[in-house]
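If you want this note's numbering, it's the position in the sequence shown, counting the first as 1, plus 10. By construction, the Cβ of each residue, glycine as well, lies at the ideal position given by its N, Cα and C atoms. Written out below as structure tokens is the structure these notes cover.
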Amino acid sequence: MSNTNNIIFKSACQQMPYGIIILNERYDGKGYPDGLKANQIPLEARIIAIADSYDAMTTDRPYRNALTPRTALKDINSNLGSQFDPELEEMFLKLCNNGIID
């Protein structure tokens with residue numbers, strides 16, 4: 011994303027919580043819009059990223075059927091430390107395995 015587009019994007023989204031705007035940041039720093047990594051990414055954005063990915067994978071889309079929760083969790087687990095915060099991911103997996111999150 012160019013700097014101009016980045017400024018326009020952030021300006022257009024001023025009313026949105028910052029955690030939603032940057033949910034595409036990755037724990038390894040390869041995300042966008044700012045290339046933040048690890049604890050540079052606010053906690054709420056790291057949580058939203060895991061929840062959003064799980065929801066996207068377990069929901070039917072026009073272009074594909076939903077994955078089973080088990081398959082989605084395996085996919086999330088395969089991104090441990092790269093896309094997602096490993097500590098939060100471990101907590102999320104425990105919540106799912108204990109039936110707290112469906």
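In the DSSP assignment, find the unbroken alpha helix (DSSP H) run with residue i in it and report its ends.
{"i": "residue 82", "result": "79 to 88"}
Taking only the alpha-carbon atoms, compute the straight-line gap between residue i and residue j and give it to the nearest angstrom.
{"i": "residue 25", "j": "residue 34", "result": "Only weak support exists for where residue 25 lies, its pLDDT of 48 falling under 50; the value from the coordinates is given anyway. Residue 25 and residue 34: Cα-Cα distance of roughly 18 Å."}
{"i": "residue 71", "j": "residue 77", "result": "10 Å"}
{"i": "residue 47", "j": "residue 31", "result": "15 Å"}
{"i": "residue 95", "j": "residue 112", "result": "20 Å"}
{"i": "residue 49", "j": "residue 73", "result": "34 Å"}
{"i": "residue 98", "j": "residue 57", "result": "7 Å"}
{"i": "residue 41", "j": "residue 88", "result": "17 Å"}
Tell me, please, which residues DSSP counts as bridged to residue i.
{"i": "residue 36", "result": "DSSP output for residue 36 lists no bridge partner at all."}
{"i": "residue 74", "result": "71"}
{"i": "residue 94", "result": "90"}
If residue i sits next to residue j, beta carbons under 8 Å apart, how far is it from one beta carbon to the other, in whole angstroms?
{"i": "residue 79", "j": "residue 69", "result": "About 11 Å; that fails the 8 Å criterion."}
{"i": "residue 92", "j": "residue 38", "result": "5 Å"}
**Every unbroken alpha helix (DSSP H) within the segment 41 to 65, with a cutoff of 4 residues, ordered by chain** = The segment 41 to 65 contains no whole alpha helix (DSSP H) run of 4 or more residues.
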